[in-house]
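A short write-up of the structure that comes next.
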Amino acid sequence: MPPVPPDDPEMAARFTLRVQGGEQIEAGEWLPAEYRFEALRLINMHANSEIMGALPEREWIPRAPSLARKMALTAKVQDEVGHGMLLYRVAETLGRSRDEMIADLVAGKARFHNVFHYPAETWADVAIIQVFVDGAAMQTQGALRSCSYAPYSRVLKRICYEEDFHIQLGLDVWRSLAEGTPRQRAMLQDALRRWWTPIIHFFGMPDRVSPHTEKMLAWRIKVKSNEELRQQFLRRFVPVILEYGLEVPDPGLRWLDDEQRYVYTEPDWEELKRVGRGGGPKSAERLALRQRFHEQHAWVREAVARWLHDHAQDAVA
Amino acid sequence: MTPGGGAHDGSPRGTGDVTRPQTPAGAGSTGTPARHDAGGLWEHPLGAAKDVWAVFVQGRRRDTHVYAGDVHAPDAEMALVLAKENYTRRDPCVSLWVVRADQIHATAQDAAEMFVPATDKSYRFGGSYRQQRRVLQSSYQAAYREEDQ
Amino acid sequence: MPGVLTGIADPALRAAFREVLLRVADDELVIGHRHSEWTGFGPDIESDVAMSSIAQEELGHARVFYEQIADDEGLDVDRLAFGRTPAEYRHAALLEQENDGWEYTIVRLVLYEAFETARLHLLAASGQQPVAGLAQTLTREERYHMLFAETWLTRLARGAADGPGRVQRALEAAWPDALGLFEATPADALLVAQGVTASTPSAQRAAWEETVRPTLEGCGLRLPPSTARDGGRRGVHTPSFDRLLDQMTEVWRSDPEARW
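Line order of the protein sequences matches chains S, G and C. Numbering that gives the first Met the number 0 puts the first residue of the first sequence at 0, with every later residue one more than the last. Numbering that gives the first Met the number 0 puts the first residue of the second sequence at 0, with every later residue one more than the last. Numbering that gives the first Met the number 0 puts the first residue of the third sequence at 0, with every later residue one more than the last.
Pasting the structure below:
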C-alpha cells in the first residue's frame, strides 16, 4: 500500500462500528485508507476480469453453430463487457479514473481472474465457461451483494440478475451436448476436464487465519471465506455433472455426509500464483490482443477529444 | 468514451492535498472529517469526471424518469445513443434523460437523520389514527425493503 | 402464420420474391456476423456494447427472413443460413469485407443502413404479407443503427487530426461495394412489373445517393466517383467470404444433423 497519513483513529473506529452494525457505505463518504485501497483493488480486479473474460468466449461467436446460439452468445459476452462498464464506474468512486485502470490493464500491470488466462479450445468450452465459470463467479458475486460498499453491492445485484440468464443459457448448451452425439459428449467431457482445475483455483487458496483476513471480514469487503464459496459451488454444480452421466475430473472428489462437505484433491496452488502474475497459457496472447486494439483505436479517442473541444458549446458546464 | 479522463471524484489518492477544499467527496484518505457545525457541509457535488453522464430511464409514458446508472461519453448526444443499449436492453423504455454527473448535488450521508421526523406528523395523512399509523409505518418500511439490504 | 411464399400463386413471381428474401437474409446475416466480431474490441466499452446489440438485431432480422423461406420449403433455418456453398449466397460484397478499422465499420454502417431502411420500406409497401408487416416493424431497429452510425461518423470525420482523410479513404474503399447493393437481376424486373417492388434498382440507387449525400458531405466527405463492383447478387463473392463462411460454419459442419 502506498504510504499515507494515518487515519483519524476516532473516525476509523466509528467507521468500523457502522459497518459491523450492518450499515452500507455510500460513495463520497469518509473511508479508512486501507478500506479504500482494498475495496478498490477488489473492484478493479473484478472489472478487469469482465473485460478480459470476454476474450475466451468471443472466439466462438463467429463459429457458433446456429443462429440462436450466435445471437445468445453475442448477448452473453455483451453483458460481460457491460458489467465491466458498471464495475469500472464503481471503482471510479473510490478514486481511480477508468482511463488509468484500462491503461494498467493494457500495460499488463493489472490482475484479472485466473480462469480467463486459459484457452477456449472447442465449442464445448463455451458450455463449461457459461455453466461452471459463471457459476463459480456467481458464488462470489452473490455473497458480495451484502458487502459494505453500497455502489458495489447495487451493481452486483444487477450483475447476478444477468448472470442467472447466462447460466440458464449455458445449461441449454450443456444439455444439447451432454444429450447429443457421442462426439459431442466426448467434446464436453474433455472441456470439463481441461477447465476443472482452473475453476477450483478460482476461489483462491483456503484463507489463512490472519489479522488481514479478519479485518476484511469485519469491514465486509470479504463476506464469505474462499473455502465456503468453493464448497457452495461444488454443492450446486457437481450434481449437474452427475445428473448427465459425465465424470467429475477429480477422482479424489468425495462428499462427506457426516461433515456435509466435499473433499477434493488439493490443486497445485503454485499454478494459480503463476497464472495470477500473467503466466497462464493465454496471458501473453490476450494481453497482446488488447494492446493491439487499444493502439488501433488511439486515433479514434483523439478524434473524439478534438471534436469535443471544437464543439465547446456542448462541453460548457 | 474517455477523452482525457482527468479529474475523477475529487478524492486525493492517498497523499493528502492540503490546497484542495475539503468536501466529503475529497475527505477520504486525508483523514479530515466532514464539518458538522451550524451551516456546515450538508451538501456536496456528487463528484465525477466531466465525461460521466447520469442516465435516467422512463419505463412507460406516465412513469417518472428513474436513475439507472452512468455512461462515459464525450457529449449529450453520444451519451443518449450509448445509454439506450447500455441501460435498456432488458427493461422497457420510452424516453431517456442524460445529465453530466458532475452537475448533480447531493445531501451528505450524515445528514440523513434530518429526513427522519422527530415528532408525530400524522396530521399530513388523512383518515383514522390507526390508518395514519399504518400509512406512516408502511412508507418507512418501503424505504428499507429487506431485499435491498 | 403461413410464410409469404405460400401465398404467391405464380411460380415465377414466387421465385423472384424468394430471391429478394434470400438477399435480405444473407445481407443481414453477413453484416451481423461482421458486426459481432467487434464484441470485446470496440473503441470504448459503451460503444462495444451498442455495436453488439446492432449485431444481434441484424442476425435477428436475418432469421426472420430465412424463416419465411424455410417455413415454405420445410427447411431447417440453420441449414439454410449455414448449409449453402458460397455461390448460393446472395449478399452484396460490401457486407463480407473485413472490419478494416472502426472507421470502415462506421462508414459501412452509414451506407448500408440507408440502403436497408429504404429496402424495408419497399417491402412494407409490397403488399406481400406477412413480410410487409414484418418489414415495417424492423425499421424501428434500423433507425437506431443509423443514429449510432451518424453520431460516430461526425465525430470521426470532423475530429480526426488529418481532417476527414482516414474516413474519406474508408468511404472510397466501401463505395464501389456499396453500389453493388443495387445490382439488378431478372428477379427485380419481374417484381417491378408485377407491382410488388415500387421502384427499380437504379431508381433505388439514385434515391439512396440523395439520402447519404447530406450525411457524408455534412461531415466534410466527398462522394467517390467510382463505379459499382457487382457480383454478390449473382453469387459471385470475394475470398473474404470464403474465409467468413468457413469460420461461421466450422462447428455446424462438424455435424449438421446434431442438435447444437
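No residue lacks a Cβ here, since even glycine has one placed at the ideal position from N, Cα and C.
Which partner residues of residue i appear in the DSSP bridge assignment?
i      : result
T73/S  : Answer is none; T73/S lacks a bridge partner.
D69/G  : A53/G
S94/G  : Q57/G
V262/S : R253/S
I24/S  : Y148/S
H64/G  : Q57/G
R99/G  : W52/G
Classify residue i: buried if its beta carbon has 16 or more other beta carbons within 10 angstroms, exposed otherwise.
i      : result
Y160/S : exposed
E72/C  : exposed
Q19/S  : exposed
N98/C  : exposed
L176/S : buried
A16/C  : With the sequence shown as reference, residue 16/C is identified as Phe, and Ala is not the correct amino acid for it. By the 10 Å Cβ count, F16/C comes out buried.
M215/S : buried
Q102/G : exposed
E182/C : buried
A183/S : The sequence given here has Gln at residue 183/S, not Ala. The residue is buried, with at least 16 neighbouring Cβ atoms inside 10 Å.
P23/G  : Bear in mind that the predicted position of P23/G carries a pLDDT of just 38, short of 50, making it too unreliable to give a figure here.
For residue i, which residues in chain D fall below 8 Å Cβ to Cβ?
i     : result
E25/S : Here chain D cannot be found, since the structure's protein chains are S, G and C.
So residue i is in the alpha helix (DSSP H); what residue range does that whole segment cover?
i      : result
T84/C  : First-last for T84/C: undefined, no H or E at that position.
E97/C  : No alpha helix (DSSP H) holds E97/C; DSSP gives it neither H nor E.
R9/C   : Residue identity check: residue 9/C is Asp in the sequence provided, not Arg. Segment: none, D9/C is in no alpha helix (DSSP H) and carries neither H nor E.
W194/S : 181-201
G134/S : 133-143
P175/C : 164-178
P238/C : 238-253
Q135/C : 130-158
W218/S : Counting along the chain, W218/S falls outside any alpha helix (DSSP H), and DSSP gives it neither H nor E.
R273/S : 268-273
D98/S  : 97-105
H116/S : Run containing H116/S: none; DSSP gives neither H nor E here.
S48/S  : 32-57
F14/S  : 8-19
L245/S : Element bounds for L245/S: n/a, residue is neither H nor E.
M50/C  : 44-72
Measuring straight from C-alpha to C-alpha, what distance separates residue i and residue j?
i      : j      : result
R99/G  : G94/S  : 18 Å
A11/S  : E22/S  : 14 Å
A48/G  : D74/G  : 13 Å
A80/C  : A117/C : 24 Å
M70/S  : E246/S : 30 Å
G179/C : A26/S  : 54 Å
G59/C  : L94/C  : 16 Å
A190/S : R168/C : 44 Å
Q321/S : V65/G  : Outside the shown range of chain S, which is 0 to 316, sits residue 321/S, and nothing can be said about it.
V237/S : T196/S : 14 Å
R228/C : A119/S : 38 Å
Y111/C : M50/C  : 15 Å
M0/G   : L255/S : Summary for M0/G: the model assigns pLDDT 41, below 50, so the residue's position carries little reliability; its value from the coordinates is reported in the next sentence. Those two C-alpha atoms are separated by around 52 Å.
M51/S  : G107/S : 12 Å
A105/G : P255/C : 59 Å
L104/S : R165/C : 28 Å
C92/G  : Y143/C : 14 Å
A297/S : A173/C : 22 Å
H67/S  : T84/C  : The question names His, but residue 67/S is Ala in the sequence shown. Going by the C-alpha atoms only, they are around 21 Å apart.
Q246/C : P61/S  : 7 Å
G219/C : A131/C : 37 Å
I30/C  : R233/C : 18 Å
For the beta strand (DSSP E) holding residue i, just list the boundary residues, first then last.
i      : result
E154/G : For residue 154/G there is no data in the structure shown, the boundaries of chain G being 0 and 148.
L255/S : 253-255
R105/G : Note on identity: in this sequence residue 105/G is Ala, with Arg being the wrong assignment. A105/G -> beta strand (DSSP E) spans 104-106.
So does the region 127-143 of chain C actually touch the region 56-64 of chain C, counting three or more Cβ pairs closer than 8 Å?
yes
How do the region 293-308 of chain S and the region 264-272 of chain S stand: do at least 3 beta-carbon pairs fall below 8 Å, yes or no?
no
Would you say the region 9-26 of chain C touches the region 83-94 of chain C, given that touching needs at least three Cβ pairs under 8 Å?
For the pair of segments examined, the region 9-26 of chain C was found to touch the region 83-94 of chain C: the number of CB pairs separated by less than 8 Å reaches three.
Is the region 116-133 of chain S close to the region 168-176 of chain S, with three or more CB pairs under 8 Å?
yes
Below 8 Å, how does it come out for the region 25-43 of chain C and the region 73-90 of chain S: are there three or more Cβ pairs, yes or no?
yes
Would you say the region 189-207 of chain S touches the region 268-276 of chain S, given that touching needs at least three Cβ pairs under 8 Å?
Taking a cut-off of 8 Å for Cβ pairs, the region 189-207 of chain S and the region 268-276 of chain S touch, as three or more such pairs fall below it.
At least 3 beta-carbon pairs within less than 8 Å: the region 111-122 of chain S vs the region 52-69 of chain S
yes
Does the structure place the region 213-229 of chain C close enough to the region 121-130 of chain C that three or more beta carbon pairs sit under 8 Å?
In this structure the region 121-130 of chain C does not lie against the region 213-229 of chain C, because fewer than three pairs of beta carbons, one per stretch, are closer than 8 Å.
Between the region 114-133 of chain G and the region 183-202 of chain C, do at least 3 Cβ pairs fall closer than 8 Å?
no
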